[in-house]
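Inspection log for the structure reproduced underneath, given as structure tokens.
Residue numbers (my numbering): 15 to 150.
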């Protein structure tokens, strides 16, 4: 699915990475060609090629001359490592900064995360306000 406001070549690269992470595109298997990607997403083949080239530069894909692009050995670990790092930068670091501002210890934060995870696992979508706190 194409998202507005995000470069198409990045979206193509992320879709391939998602397939590698979920196992639908296994290591050492052939990746979709740029023409297949272009046809599927109805985009210019050069745009699809840019996304594939990005993954090649990162060592996630490699080219077998005359055959096509393949998923590199260790590609899943590369992608997961990059995604974990990006997750920490985008979510964990600001969370820790806010926790410090609120005077929450690491234990307090871990307890809060565990509590919210349990609510999510139980199927609750809206967390109940903490006792004595105004939800507004």
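Where is the CB? At the ideal position from N, CA and C, for every residue including glycine.
Pairwise C-beta distances place the stretch 62-75 in contact with the stretch 91-109, as three or more of them are shorter than 8 Å. Shown here, residue 85 sits in a strand according to DSSP, grouped into three states.
In terms of CA proximity to residue 82, 47 leads the group 129, 137, 47 and 128. Around the beta carbon of residue 23, 16 or more other beta carbons sit within 10 angstroms, so the residue counts as buried. Within the stretch 77-122, the runs of alpha helix (DSSP H) that reach at least 4 residues and sit entirely inside it are, in chain order, 89-101 and 107-116. Approximately 11 Å separates the beta-carbon atoms of residue 60 and residue 26; this is outside 8 Å, ruling out the contact. Nearest to residue 54 by alpha-carbon distance, out of 29, 73 and 44, is 29.
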